[in-house]
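Here is the structure we will look at.
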Amino acid sequence: MNYLRLFLRYMRININTLLEYKASFILGILSSLLYIFISFLFWGTIYSYTKTINGWTFGQVMLVQGFFAMFLAFFWSIFHFSEHMDKLIIYGGLDRFLVRPMNPLVAYMFEMFSVDIFGRLFSTIVFFWIALQLGASMNIMNFAAAVVMVFLSSAIFALILVALSSLAFWIGKMESVIAVFDLVWNISDYPITIFPVTAQILMTFGIPLAFMQTYPTLFTMQQLNLSYFLQLIVIEILLIFIWLQIATFVWNKGLKRYSSYGG
Amino acid sequence: MEYDIEVKNLSRIYKKNIPGKGFRRIFPKKMKIRAVDDISFNIKKGEFVAYVGANGSGKTTTIKMLTGILIPTKGVVKCLGMIPWKQRIKYTKDIGVVFGQKTMLKWDLPAIDSLLLYKDIYEVSDSDFKERMQLYDKILNINERLNQQVRKMSFGERMRCELAASLLHRPKILFLDEPTVGMDVVAKEEIRNFLRNINEKEKTTIILTTHDMGDVEALCDRIILLDKGKIIYDGRLDKLKKKYIQTKNISITYGKVKNKKFVERSRKKVKILEEEKGYVKLSVNIKEHDIKKVISDIIKSVDVIDISVEEPELSEIVAKIYREGRVK
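So the protein lines, in turn, are chains H and V. Reading the first sequence from the start, the letters are residues 6 to 268 in this note's numbering. Reading the second sequence from the start, the letters are residues 195 to 522 in this note's numbering.
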């Protein structure tokens, strides 16, 4: 099975879908502009009272926003499927993927792949531009490495969600569990070093929030040395490995209980 | 004898909540439902089998176990020498599946996009793909529809495209779950022709579930009848008819009466349904009387102008079997 070829085919299909709904794409860009504006207003207000928060300047916080937007771009474009898996299981949409000679999860991931990534990366770029205007320092090589870290963190989140939504085979609707993730993301546009140490550890190994903005920002600003950064990458790969095992285990167990629909 | 599909003592049991009142709604009782209950059958290569049963008789559940979607609770399924749910990737390369109620095509896009996708998934070569598309166009008149968005298609149009997509890779077995439901006569006829063609020319084994006995009569030699998860009949269609047809109707238009004695004799053997001057419609119980004898008596008794014999439709027979339960 040539997955690369299939990936390209799906990309073409997704672009075609996007072209069918051009207006939605443009609205998406407009809404991200609004999001950027509100975020800028919020942090701008706070920084009008103080120069730094626990060492973080306005420009640096904008970098954090940029990395978080990049995380969302990766997550919602590539791993979009993980948020909808429970519905796939409950409403029997899975049938379609089980009768094709492909790994059903990979097939579903490809199918849900959203080319909106270009629209979403747009807000990332705007945040970085704002950060530079505000005088945040950025090292280009370090930035490139940080992008890898952000990408890996979106994969970790996807795997956690796959593992959790596979519980839908037993439980049914998982909306409330997935809603918790939205809550988690509410605190994820803050640099984690402003939280207590225990919370920081939890945000590295438990729900690995720190990988999606704080560490990449610190490394881009050269406040993190290379060996420490590489250790963090190793931790990420370990987390991916662990969650991959868990997700496959739950998925395979669940598949045996799959009851489709009707009939 | 090599079989394409071997099913032995297959069961699928699932638990269903019995809804109660008040607190019982929160902690409902569980009940075991045998959707498919200990069935066995074999299907040879190239057979065209109708899998028929009332709603909720376990048809779709069986098909889903045969295609590897559901895992059996008990029993053995072996298709093309493989266990569907265990060797899924290898197995699904050799089968085609069409669910009438669910689309395999991308809803938002023209059908051609989905066909190209399936071409890549099943690794169909360009020349093969072209050849297939020509065949489809010849029988299904598909080309003009290919550039239309799937969601704007009528059911008949969509089904043509679904069939095309599911047969691109020349599968050895084709599973069809209610493909003609709600289609007009012309569309039905086209799809039947297409299926017959595929079955005869490419020796594709086809399993069809349907509520339309017209499909069964037009296409299948063999019928498997299902009731409450059990097989109640498995065999040739004509044998089922022979077994179940108890009465035939004879309509006669006649001139003058030739022989009063034969009229009396005939009247004893038949039930008269309608009668007017020069016309009579009779019903004969063929289990009790020899229909040839009855007809020859009639010909001797009156001056026959026109005569026709009708047997009840398959759908009537099947409806009767559903009502009465098991075939013995």
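The beta carbon of each residue, even a glycine, is placed where N, CA and C say it ideally should be.
CA nearest to the CA of residue i, picked from the options
i       : options                               : result
K313(V) : Y197(V), P365(V) and G269(V)          : P365(V)
N257(H) : L110(H), E180(H), L166(H) and W134(H) : L110(H)
E411(V) : D322(V), I501(V), K209(V) and N387(V) : N387(V)
A229(V) : A513(V), K238(V), G250(V) and I237(V) : G250(V)
L157(H) : I20(H), L244(H), G211(H) and L103(H)  : L244(H)
K268(V) : L204(V), N335(V), D320(V) and L334(V) : L204(V)
I240(H) : M107(H), G64(H) and M154(H)           : M154(H)
A78(H)  : L172(H), Q227(H), G124(H) and N108(H) : G124(H)
I207(V) : D198(V), P222(V) and T255(V)          : T255(V)
S119(H) : S87(H), S181(H), A252(H) and G98(H)   : S87(H)
V457(V) : K215(V), I493(V) and L467(V)          : I493(V)
F133(H) : M67(H), Q205(H), Y263(H) and I212(H)  : M67(H)
E470(V) : C355(V), K481(V), L419(V) and G449(V) : G449(V)
K330(V) : S348(V), M347(V), V318(V) and E356(V) : As written in the sequence, residue 330(V) is Tyr, which differs from the Lys given in the question. It is E356(V) whose Cα lies nearest to the Cα of Y330(V).
G259(H) : I206(H), M208(H) and L169(H)          : L169(H)
K382(V) : I417(V), K454(V) and L413(V)          : L413(V)
I444(V) : K475(V), I426(V), K462(V) and L311(V) : K475(V)
E241(V) : T404(V), R390(V) and L311(V)          : R390(V)
Neighbour flag for residue i against chain C, beta carbons, 9 Å
i       : result
Q343(V) : Note that chain C does not occur in the displayed structure, where the protein chains are H and V.
Continuous beta strand (DSSP E) stretch holding residue i: start and end
i       : result
V503(V) : V496 to E504
L476(V) : Y473 to N479
N211(V) : Y197 to I212
S445(V) : T441 to V451
G429(V) : K424 to R430
S234(V) : K223 to K238
K253(V) : Not the beta strand (DSSP E): K253(V) falls in the alpha helix (DSSP H), residues K253 to L260.
V239(H) : Counting along the chain, V239(H) falls outside any beta strand (DSSP E), though it belongs to the alpha helix (DSSP H) covering L231 to L260.
F242(V) : F242 to G247
F210(H) : F210(H) -> no beta strand (DSSP E), and no H or E assigned at all.
K514(V) : No beta strand (DSSP E) contains K514(V), which is instead part of the alpha helix (DSSP H) from L508 to E518.
F293(V) : I289 to F293
Residue i versus residue j: straight-line alpha-carbon distance, rounded
i       : j       : result
H85(H)  : M217(H) : 16 Å
I367(V) : K437(V) : 30 Å
F217(V) : V185(H) : 28 Å
D447(V) : I227(V) : Correcting the residue type first, residue 447(V) is Thr in the shown sequence and not Asp. Between T447(V) and I227(V), the C-alpha separation is close to 54 Å.
S360(V) : M353(V) : 10 Å
S234(V) : V201(V) : 5 Å
G166(V) : T374(V) : Any question about residue 166(V) goes unanswered here, given that chain V covers just 195 to 522.
E116(H) : S308(V) : 11 Å
V131(H) : E372(V) : 53 Å
Q236(H) : G71(H)  : 23 Å
K272(V) : A358(V) : 26 Å
I257(V) : F12(H)  : 30 Å
V270(V) : I238(H) : 47 Å
D350(V) : M377(V) : One point to set straight first is that residue 350(V) is Gly, not Asp, in the sequence displayed. One C-alpha to the other measures close to 6 Å.
Y113(H) : F102(H) : 7 Å
K522(V) : I511(V) : Note that K522(V) has pLDDT 47, beneath the 50 cutoff, so the model's placement of it is unreliable and no number is given.
Y473(V) : S509(V) : 28 Å
F254(H) : Y26(H)  : 38 Å
L139(H) : T62(H)  : 9 Å
L46(H)  : A149(H) : 28 Å
L38(H)  : L340(V) : 38 Å
G268(H) : Q65(H)  : At G268(H), the pLDDT of 41 sits below 50, so the modelled position is not reliable; the number obtained from the coordinates is stated separately. For G268(H) and Q65(H), the distance between alpha carbons rounds to 57 Å.
D406(V) : M208(H) : 60 Å
N7(H)   : A215(H) : 35 Å
F127(H) : K424(V) : 60 Å
M143(H) : I197(H) : 19 Å
Start-to-end residues for the alpha helix (DSSP H) that takes in residue i
i       : result
M179(H) : That residue, M179(H), is in no alpha helix (DSSP H); it is neither H nor E in DSSP.
L419(V) : Element bounds for L419(V): not the alpha helix (DSSP H) but the beta strand (DSSP E), R416 to D421.
R459(V) : K454 to K463
Y285(V) : R282 to T286
F224(H) : T219 to T225
K313(V) : A305 to I315
K92(H)  : M90 to I95
V271(V) : Unbroken run through V271(V) is the beta strand (DSSP E), K268 to C273; no alpha helix (DSSP H).
CB-CB length for residue i against residue j, believed under 8 Å
i       : j       : result
L164(H) : W248(H) : 4 Å
A248(V) : D421(V) : 7 Å
Y220(H) : L229(H) : 7 Å
K253(V) : D198(V) : The Cβ separation is near 19 Å, so there is no contact.
D491(V) : R459(V) : 6 Å
A252(H) : S171(H) : 7 Å
D187(H) : V69(H)  : Rounded, the Cβ-Cβ distance is 19 Å, inconsistent with contact.
N21(H)  : L303(V) : 6 Å
The ligand MG heavy atom lying under 8 Å from the CB of residue i
i       : result
T267(V) : The ligand MG is not part of the structure shown, which contains no ligands of any sort.
In chain order, which continuous runs of the beta strand (DSSP E) of length 3 or greater are located wholly inside the region 16-51 of chain H?
Qualifying beta strand (DSSP E) stretches: none in this window.
Start-end ranges of the beta strand (DSSP E) lying completely within the region 324-410 of chain V, minimum 3 residues:
Counting whole runs of 3 or more residues, the region 324-410 of chain V contains the beta strand (DSSP E) stretches 367-371 and 399-403.
Alpha helix (DSSP H) runs wholly inside the region 124-172 of chain H, at least 4 long, in chain order
Here the runs fully enclosed are 145-170.
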